[in-house]
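Student: Pasting in a structure now, in structure tokens, and then I'll have a few things to ask.
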Amino acid sequence: MFKHRDRLGFLAGENVLMSEVSDPFNLWRTSVTQVLDADPIDVSVSGSNGVTTLYHAVPFQSALFLAAAGGQFLLTAEPYLAAKNVKSDPVNSYSSSPYIRPKLMGESLYFTEDSGAYASVREYFIDDLSVTGDAADVTAHVPKLMPGRMRAMASASGADCVFFAPDEPTDAQLYVYFVRWIGDEKQQSAWTRWSISGVGRIVHMHAINDVLYAVAEAPGGGCELLKFRMVLNQHDTDATGDYNFLLDRMLVVQPTYQQFGNETWIDLPYIVPDGMTVTVLKTDDWQDPGAYLDITKARWDNARTRLALPGNHTEGRVVVGMDYEHRLTLTKPIVRGGQNQAVLVGRTQVRDIEVAYKDGAYFELEVEQHGNGRVETYVASHSGAYTARVLNDSVFRTSAPTFHSGSRRFPVLGDANSVRMHLVNRLPFQCWFQSAQWRGMFVSRSRV
Numbered sequence: 007m008f009k010h011r012d013r014l015g016f017l018a019g020e021n022v023l024m025s026e027v028s029d030p031f032n033l034w035r036t037s038v039t040q041v042l043d044a045d046p047i048d049v050s051v052s053g054s055n056g057v058t059t060l061y062h063a064v065p066f067q068s069a070l071f072l073a074a075a076g077g078q079f080l081l082t083a084e085p086y087l088a089a090k091n092v093k094s095d096p097v098n099s100y101s102s103s104p105y106i107r108p109k110l111m112g113e114s115l116y117f118t119e120d121s122g123a124y125a126s127v128r129e130y131f132i133d134d135l136s137v138t139g140d141a142a143d144v145t146a147h148v149p150k151l152m153p154g155r156m157r158a159m160a161s162a163s164g165a166d167c168v169f170f171a172p173d174e175p176t177d178a179q180l181y182v183y184f185v186r187w188i189g190d191e192k193q194q195s196a197w198t199r200w201s202i203s204g205v206g207r208i209v210h211m212h213a214i215n216d217v218l219y220a221v222a223e224a225p226g227g228g229c230e231l232l233k234f235r236m237v238l239n240q241h242d243t244d245a246t247g248d249y250n251f252l253l254d255r256m257l258v259v260q261p262t263y264q265q266f267g268n269e270t271w272i273d274l275p276y277i278v279p280d281g282m283t284v285t286v287l288k289t290d291d292w293q294d295p296g297a298y299l300d301i302t303k304a305r306w307d308n309a310r311t312r313l314a315l316p317g318n319h320t321e322g323r324v325v326v327g328m329d330y331e332h333r334l335t336l337t338k339p340i341v342r343g344g345q346n347q348a349v350l351v352g353r354t355q356v357r358d359i360e361v362a363y364k365d366g367a368y369f370e371l372e373v374e375q376h377g378n379g380r381v382e383t384y385v386a387s388h389s390g391a392y393t394a395r396v397l398n399d400s401v402f403r404t405s406a407p408t409f410h411s412g413s414r415r416f417p418v419l420g421d422a423n424s425v426r427m428h429l430v431n432r433l434p435f436q437c438w439f440q441s442a443q444w445r446g447m448f449v450s451r452s453r454v
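Heads up: the sequence shown runs through residues 7 to 454, numbered per the working numbering.
Have a look at this one:
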């Protein structure tokens with residue numbers, strides 16, 4: 007079912023049916039003597055591969071995009087939509103998922119293919135120069151990223167990203183495709199994978215501007231509604247004055263003190279599964295905002311929805327949530343020659359890498375050498391954990407986070423073909439990575 011140009015539409019096999027204009031409940035002609043422009047429409051769509059079974063219909067620009075089992079079609083009508091002007095033309099012959107409706111974001115339309123053990127995503131757009139449609143495979147460089155078939159898809163136009171939820175009966179996973187257009191040119195694009203703690207698989211989701219709402223299976227049975235904000239705003243939590251906490255299932259809670267038993271209770275609106283831990287951080291109400299609240303001696307109560315701490319800890323509000331790991335895998339270092347062509351014949355020995363960052367409190371670089379199973383972890387500081395603290399600094403604090411901008415250089419000492427580098431942030435504090443530059447030695451094996 008869909009709505010297009012003030013008509014209510016239905017897909018039935020290989021036919022597209024649309025109601026009378028401005029009357030969605032009328033699917034019959036109002037006159038038998040003549041065909042009116044406002045009369046209902048019933049048109050058949052046929053392809054070159056035999057019978058066409060239509061799955062989805064999405065209004066796209068001034069046309070209607072139709073996704074079928076073995077191809078895609080455009081239903082157009084000029085100069086206006088009427089039974090005598092409507093026609094359908096095949097635009098591509100790719101397969102489409104019968105379970106997920108294509109989503110529109112900006113001037114592009116995204117649809118999925120459930121082919122084999124991995125799913126792929128195609129981006130359909132119309133080239134203004136050739137006035138033809140093309141469906142580029144945006145997962146061609148990561149063909150094994152999304153396993154199985156997808157269950158749900160949502161596009162967030164306010165954040166320039168598309169979300170995909172797999173149909174695997176495992177922990178909650180989200181695959182996000184970020185894309186940035188400037189005019190008709192795609193400037194940047196990236197794939198990410200999110201692992202969401204404390205819930206099961208995501209069964210449905212919908213995005214409004216820059217906020218994603220997802221329905222996930224709850225650990226105690228039933229479902230839970232999750233809310234993801236793609237743009238960090240200070241008024242979202244009002245917990246700290248200068249930065250945001252980055253936690254899964256984050257809440258701002260006011261602890262309550264129980265004199266009988268000498269305990270502080272922190273009540274949560276959800277169940278924390280067995281084996282999972284939470285992080286409790288102090289807000290600006292405390293003397294050391296951003297510091298951790300010690301919960302090593304705490305116990306769970308009320309079916310794991312209440313955290314009971316010994317003593318009185320009601321000085322102010324706290325932020326409660328679950329830690330997650332932010333891992334950024336860098337691409338393979340490649341030497342490029344003239345006309346930006348990759349030089350593949352030779353050995354590239356990576357010496358070190360310099361990472362530029364902004365407003366960071368902590369991060370690490372993991373260097374993984376393929377073949378020997380050895381992983382070297384370099385913490386971003388001269389010694390010990392990088393806390394962005396500088397001696398004689400007016401904002402030096404030992405327990406609360408301090409943020410710093412700059413660059414750090416790390417040793418790699420490995421062959422570019424067998425080394426993998428990961429930037430990792432395991433703390434609930436922000437760190438924006440701006441660039442990464444590597445130095446090394448290249449030995450050519452070609453002869454002149």
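Note that the Cβ used here is the ideal one computed from N, Cα and C, for glycine as well.
Report the three-state DSSP secondary structure of A344 (helix, strand or coil).
Tutor: Residue identity differs from the one stated: residue 344 is Gly in this sequence, not Ala. Three-state DSSP puts G344 in a helix.
Student: How about Y130 and M152: do their beta carbons lie closer than 7 Å?
Tutor: No, the Cβ-Cβ distance between Y130 and M152 is not below 7 Å.
Student: For the region 349–364 against the region 291–298, are there 3 or more C-beta pairs whose distance is under 8 Å?
Tutor: Short answer: they don't touch.
Student: Span of the beta strand (DSSP E) holding C229?
Tutor: Run containing C229: C229 to R235, per the beta strand (DSSP E) assignment.
Student: Considering only the alpha carbon of each residue, which of P30, K90 and G56 lies closest to A75?
Tutor: Comparing Cα positions, the closest option is G56.
Student: Whole-angstrom Cβ separation of K311 and L257, contact assumed at under 8 Å?
Tutor: The question names Lys, but residue 311 is Thr in the sequence shown. Not confirmed; about 12 Å, so no contact.
Student: Quick one: what's got a C-beta closer than 8 Å to G420's C-beta in the same chain, skipping five residues either side?
Tutor: Cβ neighbours of G420 beyond the five flanking positions: Q355, V356, V373 and Q375.
Student: Going by CA-CA distance only, name the one from G267, N268, R305 and P261 that's closest to G281.
Tutor: Ranking the options by Cα distance to G281, first place goes to R305.
Student: In whole angstroms, give me the CA-to-CA distance for A123 and I301.
Tutor: Taking the straight line joining both Cα atoms gives about 43 Å.
Student: For F416, write down the residues that DSSP places opposite it in a beta bridge.
Tutor: I359, per the DSSP bridge assignment.
Student: Count the other CB atoms, across all protein chains shown, that sit within 10 Å of the CB of D45; report buried if there are 16 or more and exposed otherwise.
Tutor: Under this definition D45 is a buried residue.
Student: Excluding the 5 residues preceding and the 5 following G226 in the sequence, name in chain order all residues of the same chain whose CB lies nearer than 6 Å to its CB.
Tutor: Answer for G226: I277, listed in chain order.
Student: Starting from M111, trace the beta strand (DSSP E) in both directions and tell me its first and last residue.
Tutor: Counting along the chain, the beta strand (DSSP E) containing M111 begins and ends at K109 to M111.
Student: Leaving aside the five residues before and after I132 along the sequence, list all residues of the same chain whose C-beta is less than 6 Å from its C-beta, in chain order.
Tutor: For I132, where only same-chain residues beyond five positions count, the Cβ hits under 6 Å are G139.
Student: Using 8 Å as the Cβ pair cut-off and three pairs as the minimum, do the region 203–215 and the region 244–256 touch?
Tutor: Verdict: yes, contact present.
Student: Does the Cβ-Cβ distance between L60 and L70 come in under 7 Å?
Tutor: Going by C-beta atoms, L60 is not nearer than 7 Å to L70.
Student: Are the CB atoms of T319 and T283 nearer to each other than 7 Å?
Tutor: For the sequence presented, residue 319 should be read as His rather than Thr. No, Cβ-Cβ distance for H319 and T283 is not below 7 Å.
Student: In this structure, does DSSP put N246 in helix, strand or coil?
Tutor: Correcting the residue identity first, residue 246 is Thr in this sequence and not Asn. T246 falls in the coil class under three-state DSSP.
Student: Please name the residue, chosen from N431, Q78 and Y363, that lies closest to S99 on a Cα-to-Cα basis.
Tutor: Out of N431, Q78 and Y363, Q78 has the C-alpha closest to the C-alpha of S99.
Student: From this set, A18, P261 and W438, which residue's C-alpha is nearest T289's C-alpha?
Tutor: Taking only the C-alpha atoms, the option nearest T289 is P261.
Student: When you compare the region 417–435 with the region 332–342, are there three or more beta-carbon pairs, one atom per stretch, that lie closer than 8 Å?
Tutor: Taking 8 Å as the limit for Cβ pairs, the verdict is that the region 332–342 does touch the region 417–435.
Student: DSSP on I277, reduced to helix/strand/coil?
Tutor: In the structure shown, I277 sits in coil (DSSP, three-state: anything other than H, G, I, E or B).
Student: What would DSSP say about D291, mapped onto helix, strand or coil?
Tutor: Note: D291 maps to coil in three-state DSSP.
Student: Report the rounded CA-to-CA distance for L115 versus D173, giving the unit in angstroms.
Tutor: Going from the Cα of L115 to the Cα of D173 covers about 22 Å.
Student: Please classify K93 as buried or exposed, where buried requires at least 16 neighbouring CB atoms within 10 angstroms.
Tutor: Exposed, by the Cβ-count rule.
Student: Specify, as a first and last residue, the run of the beta strand (DSSP E) that E191 falls within.
Tutor: First-last of the beta strand (DSSP E) with E191: E191 to I202.
Student: Look at the alpha carbon of V27 and the alpha carbon of R107, and state the distance between them as a whole number of angstroms.
Tutor: Approximately 24 Å, taken between the alpha carbons.
Student: Roughly how many whole angstroms lie between the Cα atoms of F369 and G317?
Tutor: So the alpha carbons of these two residues sit roughly 33 Å apart.
Student: Identify whether V21 lies in helix, strand or coil by the three-state DSSP scheme.
Tutor: Looking at the sequence provided, one finds Asn at residue 21 rather than Val. Strand.
Student: Among M447, P417 and F435, whose alpha-carbon lies nearest the alpha-carbon of L371?
Tutor: Taking only the C-alpha atoms, the option nearest L371 is P417.
Student: If N250 sits next to Q67, beta carbons under 8 Å apart, how far is it from one beta carbon to the other, in whole angstroms?
Tutor: Rounded, the Cβ-Cβ distance is 38 Å, inconsistent with contact.
Student: Is the distance from the Cβ of Y363 to the Cβ of F266 below 7 Å?
Tutor: No; because the gap between Cβ atoms is not below 7 Å, this pair is not in contact.
Student: Pull up the CB-CB distance for A222 and R207, whole angstroms please, since I reckon it's below 8 Å.
Tutor: Indeed they touch by this definition, with Cβ atoms about 7 Å apart.
Student: Taking the alpha-carbon positions, what's the V168 to V381 distance?
Tutor: Distance between the alpha carbons of V168 and V381 is about 33 Å.
Student: Taking the alpha-carbon positions, what's the V185 to D43 distance?
Tutor: Those two C-alpha atoms are separated by around 40 Å.
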